[in-house]
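Under my numbering, think of the first position of the sequence shown as 19, with each following residue one higher. Heads up, the beta-carbon is just placed ideally off N, CA and C, and yes, glycines get one too. Quantities reported herein were computed from a predicted structural model and do not represent experimental measurements. Working notes for the structure below.
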Amino acid sequence: MNHYETVFILNPVLSEDQIKETVKKYEDFLVSNGAKMISKENWGLKKLAYPIQNKKSGFYHLFEYTVPGEVINPLEVEFGRDERFMRQLTVALDKHAISWAERRRVKLKQKA
Numbered sequence: 019m020n021h022y023e024t025v026f027i028l029n030p031v032l033s034e035d036q037i038k039e040t041v042k043k044y045e046d047f048l049v050s051n052g053a054k055m056i057s058k059e060n061w062g063l064k065k066l067a068y069p070i071q072n073k074k075s076g077f078y079h080l081f082e083y084t085v086p087g088e089v090i091n092p093l094e095v096e097f098g099r100d101e102r103f104m105r106q107l108t109v110a111l112d113k114h115a116i117s118w119a120e121r122r123r124v125k126l127k128q129k130a
């Protein structure tokens, strides 16, 4: 099981229900393929550094999870087929990134 983090940007014209449905769909996809979700974060509507598909903002989400490596390619294909996604990035985390992510989660819990 490898440790991954996926950040994706959803189209800003989507309704709140459509966003929740999309996030749930991909969370279910990961879980059904053997993923263990560690963290899910909704970063909300953010301004983009540059226009993407003539849009200046997007809804950011982050998933942190462990999953076998062979699941990542089908996940990326699904992201590419879904027009609700403007961008996505999946990275494998090393031991330093994992400890940093854990510290960040603790800080977020303390703020809340």
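Return the chain-ordered list of same chain residues with a C-beta closer than 6 Å to the C-beta of residue i, the five sequence neighbours on each side being excluded.
{"i": "E23", "result": "E82, V109, L111"}
Pop quiz: residue i and residue j are said to be a contact at Cβ under 8 Å. What is the actual Cβ separation, rounded to whole angstroms?
{"i": "F77", "j": "I27", "result": "7 Å"}
{"i": "R102", "j": "N29", "result": "5 Å"}
{"i": "I90", "j": "H21", "result": "12 Å between Cβ atoms; not a contact."}
I'd like the span of the beta strand (DSSP E) that includes residue i, first residue to last.
{"i": "V109", "result": "103-110"}
{"i": "G62", "result": "54-70"}
{"i": "G98", "result": "Here G98 belongs to no beta strand (DSSP E); instead the alpha helix (DSSP H) covers 90-99."}
{"i": "V85", "result": "73-85"}
Between residue i and the rest of its own chain, which residues show a CB-CB distance below 8 Å, the 5 nearest in sequence each way excluded?
{"i": "E45", "result": "M55, K58, F81"}
By the DSSP assignment, the alpha helix (DSSP H) with residue i in it spans what residues?
{"i": "Y124", "result": "The sequence shown places Val at residue 124, not Tyr. Counting along the chain, the alpha helix (DSSP H) containing V124 begins and ends at 113-129."}
Here's the rule: buried if 16 or more other CB atoms are within 10 angstroms of the residue's CB, otherwise exposed. What is residue i?
{"i": "V85", "result": "buried"}
{"i": "L93", "result": "buried"}
{"i": "L107", "result": "exposed"}
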